[in-house]
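In the working numbering, each number is its position in the sequence shown, counted from 1, plus 15.
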Amino acid sequence: MPKEHLEIRHAIKPQISRLGLASVIFFVVSGGAYGLEPLVGSLGAGWAVAFIAIAPLVWCLPVAAMVSELSSMMPEEGGYYAWVREGLGEFWGFQEGWWTLCYTAVDMAIYPVLFVDYLAYFCPSLQLPADHPAALKVSLLRWLVALAVIGTAFFINWRGIHLVGKSSILTLILVLSPFALLTIIGFSRPGAMGRMFSAIRTGLAHGHSGHLLALGVAIVLWNYSGWDNVSTFAAEVKDAPRAYPFALISALLLITIAYLLPVLAGIGTTTSPALWSESAGWPEIARAVAGHWLAIAVAAMGVVSAWSMFNSQLLYISRLPYAMARDGWFPPIFAKISLLTGVPVAALAVTCVVAGFAAALPFTKLVVVDILLYSTELLLEFLALIVLRVKKPHVDRPFRVPGGWPGVILITALPMGLALMVAVTTAQGSRTGFEQLLAVPAVILSGFLIYFIKRGAFRRAV
Numbered sequence: 016m017p018k019e020h021l022e023i024r025h026a027i028k029p030q031i032s033r034l035g036l037a038s039v040i041f042f043v044v045s046g047g048a049y050g051l052e053p054l055v056g057s058l059g060a061g062w063a064v065a066f067i068a069i070a071p072l073v074w075c076l077p078v079a080a081m082v083s084e085l086s087s088m089m090p091e092e093g094g095y096y097a098w099v100r101e102g103l104g105e106f107w108g109f110q111e112g113w114w115t116l117c118y119t120a121v122d123m124a125i126y127p128v129l130f131v132d133y134l135a136y137f138c139p140s141l142q143l144p145a146d147h148p149a150a151l152k153v154s155l156l157r158w159l160v161a162l163a164v165i166g167t168a169f170f171i172n173w174r175g176i177h178l179v180g181k182s183s184i185l186t187l188i189l190v191l192s193p194f195a196l197l198t199i200i201g202f203s204r205p206g207a208m209g210r211m212f213s214a215i216r217t218g219l220a221h222g223h224s225g226h227l228l229a230l231g232v233a234i235v236l237w238n239y240s241g242w243d244n245v246s247t248f249a250a251e252v253k254d255a256p257r258a259y260p261f262a263l264i265s266a267l268l269l270i271t272i273a274y275l276l277p278v279l280a281g282i283g284t285t286t287s288p289a290l291w292s293e294s295a296g297w298p299e300i301a302r303a304v305a306g307h308w309l310a311i312a313v314a315a316m317g318v319v320s321a322w323s324m325f326n327s328q329l330l331y332i333s334r335l336p337y338a339m340a341r342d343g344w345f346p347p348i349f350a351k352i353s354l355l356t357g358v359p360v361a362a363l364a365v366t367c368v369v370a371g372f373a374a375a376l377p378f379t380k381l382v383v384v385d386i387l388l389y390s391t392e393l394l395l396e397f398l399a400l401i402v403l404r405v406k407k408p409h410v411d412r413p414f415r416v417p418g419g420w421p422g423v424i425l426i427t428a429l430p431m432g433l434a435l436m437v438a439v440t441t442a443q444g445s446r447t448g449f450e451q452l453l454a455v456p457a458v459i460l461s462g463f464l465i466y467f468i469k470r471g472a473f474r475r476a477v
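This is the structure we're talking about:
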């Protein structure tokens, strides 16, 4: 093992338990059923339920299996960056890290903004007008609230990963509670089961364009994405080789249930596209199921979920510049950790600053672009899995993808096939879809350019 990797092991100590890791994974990947409402509204109950039920098998399980094997083999800080660097070399390792940082930098700001959106349910002064741009006072107030979210998450992360884990366990219980009530009450309503099955059958019989189905697939995959991100702090996990497979499978089962049951219960009450939409969503669906009190509870936990998602995302993304700085790709200050808490403070602070600026920008989330960039990174990780199986067959792997080489090929082909389908269908669907796809090669080429510029600077220094 290279000297710098040994130094990382000594500098950073395992602090988070299996339960804490599983809770962090829940919020890195999901945060609850929030965000699935437009899927039902646009595709109907049948296709929405089918996508939600099938995605764990063809997308989540393959990625979780890959992450489990590589995390058990190389439980290092930086996670997938370290795997790709070890398996495919320095060039591709840098690309893995850079591409992640590129789309995550702006992506991170979505969660503080989502926090403000749900808080606006209780504070009308934070609401954005539907028919004209927001006044400067409203925009500034929303930004200040978003900065408060970022600041509190910075404090929790600065105190150490163990506190992130404990806070995630607590918020997990809080977020799931109103959805559990929604599910129980929704299924107990007279005739709910019959309406649910009827809506699913009718929905599956209704066809959709390939472009609309691809968008639906992208929405579902985005709601099920992020399994590999939790690998970046592996050196801080207690008994990481065994903790990761347990936590990943536990989180996968919990997330699938947390998505599927509330959607089924909600469909048993209403299939109105006006309610299954971004503007209405779960609070109004909860109101239809049980009344105003449940709407308030669901909206309140939307605020909690958004904060916890940002808190967990901040944990994993801050470790990436830390690991890359250890290899010389970023200034040395990013590689320094707090002697008090064992946290890379500079990397954590810069991540928060970037998210703070991005939270002030008016932007639209490009789910398709996110999924394609994420899939490009996943491809490198699956290739690293294959190469490391060949190069280092005898290295201890407490968890191995079952089924030998056919199993490895299968878990690689399933998610990559889905991503390819989304890309092809989006490119054929409309001019706007094709223009969105141009962002993907732009980010990829920027990584190539920066690598060669930086590599040239290294050589001149030597």
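Think of the CB as a built atom: it goes at the ideal place given N, C-alpha and C, for glycine as much as any other residue.
For residue i: DSSP bridge partner residues
| i | result |
| --- | --- |
| phenylalanine 248 | Glu92 |
| isoleucine 459 | Looking at the DSSP assignment, isoleucine 459 forms no beta bridge with any residue, so it has no partner. |
| threonine 270 | Here residue 270 is isoleucine; the residue named in the question, threonine, does not match the sequence. Paired residue(s): none; isoleucine 270 is not in a bridge. |
| isoleucine 300 | In the DSSP output, where bridge partners are listed per residue, isoleucine 300 has none listed. |
| isoleucine 31 | Val252 |
Rounded separation between residue i and residue j - CA only
| i | j | result |
| --- | --- | --- |
| isoleucine 352 | phenylalanine 194 | 39 Å |
| glycine 231 | leucine 58 | 7 Å |
| leucine 267 | proline 29 | 23 Å |
| tryptophan 113 | glycine 462 | 6 Å |
| arginine 204 | leucine 197 | 11 Å |
| glutamate 392 | glycine 102 | 14 Å |
| valine 55 | phenylalanine 349 | 43 Å |
| threonine 447 | leucine 453 | Unreliable placement is indicated for threonine 447, whose pLDDT of 48 sits below 50; the coordinate value is still reported in the next sentence. Threonine 447 and leucine 453: Cα-Cα distance of roughly 10 Å. |
| glycine 471 | isoleucine 465 | 10 Å |
| leucine 269 | glutamate 105 | 36 Å |
| glycine 180 | methionine 89 | 21 Å |
| leucine 178 | valine 458 | 34 Å |
| valine 405 | glutamine 110 | 22 Å |
| leucine 329 | alanine 68 | 29 Å |
| isoleucine 272 | isoleucine 468 | 47 Å |
| serine 183 | arginine 302 | 27 Å |
| valine 358 | valine 245 | 16 Å |
| isoleucine 300 | leucine 290 | 6 Å |
| proline 288 | serine 294 | 11 Å |
| valine 64 | valine 235 | 10 Å |
| leucine 72 | glycine 108 | 28 Å |
| valine 153 | cysteine 138 | 11 Å |
| alanine 214 | phenylalanine 66 | 15 Å |
| methionine 208 | alanine 37 | 32 Å |
| leucine 435 | leucine 354 | 45 Å |
Nearest candidate by alpha-carbon position, reference residue i, set the options
| i | options | result |
| --- | --- | --- |
| leucine 187 | Gly317, Ala97 and Gly108 | Gly317 |
| leucine 34 | Asp243, Ala124 and Tyr259 | Tyr259 |
| leucine 162 | Ile386, Val368, Lys407 and Pro417 | Val368 |
| alanine 370 | Lys407, Phe42 and Leu129 | Leu129 |
| leucine 403 | Ser246, Ser86 and Ile40 | Ser86 |
| proline 127 | Val99, Trp107, Pro53 and Phe169 | Phe169 |
| valine 439 | Val99, Ile171, Leu387 and Val458 | Leu387 |
| alanine 233 | Ile264, Thr271, Trp74 and Phe372 | Trp74 |
| glutamate 52 | Ala37, Leu143 and Ile282 | Ile282 |
| arginine 412 | Phe261, Pro256, Ile31 and Trp173 | Pro256 |
| isoleucine 401 | Gly422, Gly343 and Ser390 | Gly422 |
| alanine 229 | His409, Arg210, Leu460 and Gly432 | Gly432 |
| phenylalanine 212 | Thr285, Val99 and Leu116 | Thr285 |
| leucine 116 | Ala295, Ala65, Asp342 and Tyr389 | Tyr389 |
| lysine 407 | Thr356, Phe202, Trp98 and Leu143 | Trp98 |
| tryptophan 173 | Leu460, Thr356 and Val437 | Thr356 |
Nonlocal neighbours in the same chain, by C-beta distance under 7 Å from residue i, ignoring five residues either side
| i | result |
| --- | --- |
| proline 347 | Ala340 |
| phenylalanine 345 | Pro336 and Met339 |
| tyrosine 136 | Pro298 and Ala314 |
| valine 164 | Pro127, Phe130, Trp322 and Phe325 |
| glycine 241 | Val43 and Val44 |
| isoleucine 176 | Gln30, Ile31, Phe248, Glu251 and Leu330 |
Nonlocal neighbours in the same chain, by C-beta distance under 6 Å from residue i, ignoring five residues either side
| i | result |
| --- | --- |
| arginine 157 | Val131 and Leu141 |
| glycine 46 | Ser320 and Met324 |
| tyrosine 239 | Ala70, Trp74 and Cys75 |
| phenylalanine 202 | Ala280 |
Residues of its chain near residue i, where Cβ-Cβ distance is below 8 Å and the 5 sequence neighbours each way are ignored
| i | result |
| --- | --- |
| proline 77 | Leu425, Ile426, Thr427, Leu429 and Pro430 |
| valine 247 | Valine is not the amino acid found at residue 247; the sequence shown has threonine there. Excluding positions up to five away in sequence, the list reads Glu92, Gly93, Gly94, Tyr95, Tyr96, Tyr331, Ile332, Arg334, Leu335 and Ala338. |
| alanine 374 | Ala124, Pro127, Val128, Trp158, Ala161, Leu162 and Ile165 |
| valine 365 | Pro336 and Phe349 |
| alanine 361 | Ile348, Phe349 and Lys351 |
| lysine 253 | Pro29, Gln30, Ile31, Ser32 and Arg33 |
Q | Cβ contact (3+ pairs, closer than 8 Å) linking the segment 301-315 and the segment 211-225 | A | no
Q) Does the count of Cβ pairs from the segment 59-68 and the segment 201-220 closer than 8 Å reach three? A) As far as the Cβ criterion goes, the segment 59-68 touches the segment 201-220, which means the pair count is three or higher.
Q: Examine the Cβ distances between the segment 81-88 and the segment 275-284 and report whether three or more of them are shorter than 8 Å.
A: no
Q. Do three or more CB pairs link the segment 423-442 to the segment 397-410 at distances below 8 Å?
A. Cβ pair count under 8 Å is three or more, so yes.
Q.
Assess contact between the segment 115-129 and the segment 407-427, defined as three or more Cβ pairs (one per stretch) separated by less than 8 Å. Is contact present?
A. At 8 Å Cβ cutoff, the stretches do not touch.
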